[in-house]
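Novice: Could you have a look at this structure, given as structure tokens, before my questions?
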Amino acid sequence: MKIVSRRWVVSAAAAFAAVGLGIWSATHRPEPTLISSTCEGTDIVRKKILVAYATRTASTGEVAEAIALRLCDTGFDAEVRPVADVTALDGYDGAVLGSAIRFAAWLPEMVGFL
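For the sequence shown, position 59 (counting from the first letter as 1) is numbered 92 according to the working numbering, and the numbering increases by one without interruption.
And the structure:
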């Protein structure tokens, strides 16, 4: 009977755990909390800017909200929306679009919107 080394057992266990975690994370992704917000700038500029985003884990929404807050700080009115909630650009003076990157490409919902 061959004795298996402890190092091999630990390595094999780590490999199986990594594969299991990869399968679990691919099938058990929690739904992100999507951000929708509006802020008002100053009376000097009064231009309305849409900040639309596509995300899988909500981090892109957080970036979109930071961009909108900066726009408000400089005098613009800014509205943050998930791109799936945007049907038209009527009523906006400009738009900032952003997407998470998956497999070196924007997410399909943002590409479809464009």
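Virtual Cβ for every residue (Gly too), placed ideally from N, Cα, C.
Predicted model, so just to flag it, every value in this text is computed and none were measured.
Less than 8 angstroms between the beta carbons of ALA111 and ILE82, yes or no?
Specialist: Closer than 8 angstroms, so yes.
Novice: Over the uninterrupted beta strand (DSSP E) stretch that includes ALA111, give me the two end residues.
Specialist: Where ALA111 is concerned, the enclosing beta strand (DSSP E) stretches over 110-115.
Novice: Our contact map puts LEU122 next to MET143 with C-beta atoms below 8 angstroms; I'd like the distance itself, whole angstroms only.
Specialist: The Cβ separation is near 14 angstroms, so there is no contact.
Novice: Considering only residues of the same chain and omitting the five flanking positions on each side of THR93, which have a CB-CB separation below 8 angstroms?
Specialist: Around THR93: TYR86, ALA87, GLY131, SER132 and ALA133.
Novice: Apart from the five residues on each side of it in sequence, which residues of its chain come closer than 7 angstroms, Cβ to Cβ, to ASP126?
Specialist: Result list for ASP126: LYS80, LYS81 and ILE82, in chain order.
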